[in-house]
Amino acid sequence: MIALQEEVDRVARSDAKVLITGESGSGKEIVARAVHSRGPRAQNVFAPVNCAGLPETLLESELFGHVKGSFTGAYRDKPGKLETAHLGTAFLDEVGEMTLRMQGLLLRFLETGEIQKVGAEGSGRHLNVRVIAATNRDLRDMVKQGSFREDLFYRLNVIHIVVPPLRERREDIPLLVSLFLGQFSAQNRSSVTTVTPEAMKALTEYSWPGNVRELENVIERLIVTVSGPAIELEHLPSDMRAQDRVALRPKRERRRTVADDLYQRMIEQHESFWTTVYPLFMDREITRANVREVIRRGLEEARGNYKIVARLFNMDPRDYKRFLNFLRKHDCQVPFKDYR
């Protein structure tokens, strides 16, 4: 998350379009707001639009605005979110849910900077808006399937930020629990002030399919329902107390991750680390956690020997130092002693 913060700081200084991807509830809008608030547009409007929450006709009006009489209920001219965000930032959440027609309208705006209000005739106003989009879907797959425009994808994907799921940053869970505990205790005037070690262990080991949003909801519910000063293991939902099932769940999820697919490609198809993992990481298509997981798999096979890992990953022997320098520079190195 420190690396993500640093990336946000770098991105915020520019006006480039940003595509934020990550699972639902992982904090994509928080990242978008951070990009806006740390940049030169911070004093102007941040206008979020939920592209999944409105039907096509209403979404068009929400984005571009409408003129009086353009449809039933249009009693006055109304500016859209893009116009409201002039000199500021428009955040298009769940952009992957747009229809192909809406994608075409958005693409035209991104290319020309001109909005065409619903029901308006002639050319519209030119705007200066930074666009940040987010989705929990794989837009590349949608492009292949024909459900997302390729030209729009490349327009949006100038800078790609990946927000890792909560299960890949479990060290953050106690910090988030403490944050939400203080926040909701104050709001509800609750006597709950702490979490027992047993309960915290269960919270940390749980896989959190709903990510930070799910954790926030669980803590708020516990604050309301627990009467004593501490949240104990027995207060947690049953699926979080079932340690045997919890312990297995992350392993099943990890077998389906991109890290395991990349590892298989190197081991079974003899692809090189430099052509398989390296370009995806440098293009921000995969996270540091994905690279570390690939390295862990290699160290397990090589019993902690990085030179053998380099051979497993089909590298030239002369690339060994380059490999180690890459891992150190990007904080992807895994302690080899754990695997000896």
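Taking the working numbering, the leading residue of the sequence shown gets 3, the next gets one more, and so forth. Glycine is no exception: its CB is placed at the ideal position from the N, C-alpha and C atoms.
Nearest to residue i by CA position, among the options, is which residue?
i, options, result
"Leu56", "Thr101, His38, Ile297", "Thr101"
"Leu109", "Leu158, Gly148, Lys146", "Leu158"
"Thr366", "Ser192, Met284, Leu168, Asp285", "Residue 366 lies beyond the stretch modelled for the chain, which goes from 3 to 342, so this question has no answer here."
"Glu303", "Gln185, Arg171, Gln266", "Gln266"
"Lys331", "Phe283, Val160, Thr277", "Phe283"
"Gly82", "His68, Gly90, Leu89", "His68"
"His128", "Asp143, Ala87, Met202", "Ala87"
"Leu112", "Lys80, Lys70, Phe155, Arg142", "Phe155"
"Leu141", "Val131, Gln105, Leu168", "Gln105"
"Arg132", "Gln147, Leu235, Leu181, Phe93", "Phe93"
"Arg172", "Val160, Leu183, Lys203, Gln185", "Lys203"
"Ile221", "Gln271, Ser187, Val260", "Ser187"
"Lys19", "Asn46, Gln271, Thr59, Ile163", "Ile163"
"Val33", "Met3, His237, Val47, Thr59", "Met3"
"Arg43", "Val13, Lys30, Gly29", "Val13"
"Ala122", "Asp79, Val145, Pro50", "Asp79"
"Leu301", "Ile288, Phe150, Val336", "Val336"
If you drop the 5 nearest sequence neighbours on each side, which residues of the same chain put their C-beta closer than 7 Å to that of residue i?
i, result
"Ile269", "Leu314"
"Thr137", "Thr23, Glu96, Val97, Gly98"
"Arg15", "Gly41"
"Gly148", "none"
"Lys339", "Gly306"
Contact check, residue i vs residue j under 8 Å by CB: the rounded distance?
i, j, result
"Ala213", "Gly27", "According to the sequence as given, residue 213 is Asn; it is not Ala. Asn213 to Gly27, Cβ: 4 Å. Contact."
"Ala5", "Arg290", "6 Å"
"Phe275", "Asn219", "About 40 Å; that fails the 8 Å criterion."
"Glu62", "Leu107", "7 Å"
"Val197", "Ala244", "In fact, because the Cβ distance is near 18 Å, the residues do not count as touching under 8 Å."
"Pro84", "Asn130", "The question names Pro, but residue 84 in the sequence shown is Leu. The pair is not a contact, with the Cβ atoms about 10 Å apart (cut-off 8 Å)."
"Val10", "Ile134", "That pair is no contact at about 11 Å."
"Leu238", "Trp210", "Between Trp210 and Leu238 the Cβ distance is about 13 Å, and since that is not below 8 Å, they are no contact."
By Cβ distance, which residues of its chain are closer than 6 Å to residue i, with the 5 residues on each side in sequence left out?
i, result
"Asn52", "Asp95"
"Ala54", "Glu96, Glu99"
"Val47", "Thr86, Ala87, Gly90"
Checking the sheet assignment: what are the DSSP bridge partners for residue i?
i, result
"Ile22", "Ala136, Ile163"
"Asp38", "For clarity, residue 38 is His in the given sequence; the question names Asp instead. According to DSSP, which records beta bridges pairwise, His38 is partnered with nothing at all."
"Val197", "Ile233"
"His128", "Glu116"
Does the beta-carbon of residue i, which I'm using as the reference point, lie nearer than 8 Å to any heavy atom of the ligand SAH?
i, result
"Ala261", "As for the ligand SAH, it is missing from this structure, which has no ligand bound."
Using C-beta distances below 8 Å, list every residue in its chain close to residue i, excluding the 5 sequence neighbours before and after it, in chain order.
i, result
"Tyr322", "Tyr308, Lys309, Ala312"
"Thr206", "Arg172, Ile175, Pro176"
"Val179", "Val197, Met202, Leu205, Leu217, Ile221"
Inset, instruction - Could you tell me which uninterrupted beta strand (DSSP E) segments, each at least 3 residues in length, are contained entirely in the region 47-119, listed from first to last along the chain? - result: The qualifying runs are 48-52, 91-95.
Inset, instruction - Please specify which runs of the alpha helix (DSSP H), each continuous and at least 4 residues long, are wholly inside the region 263-320, giving them in chain order. - result: Counting only runs of 4 or more, we get 275-278, 280-284, 290-304, 308-314.
Inset, instruction - Just list the alpha helix (DSSP H) runs in the region 222-246, keeping only unbroken ones of 4 residues or longer that don't cross its boundaries, in chain order. - result: 240-243
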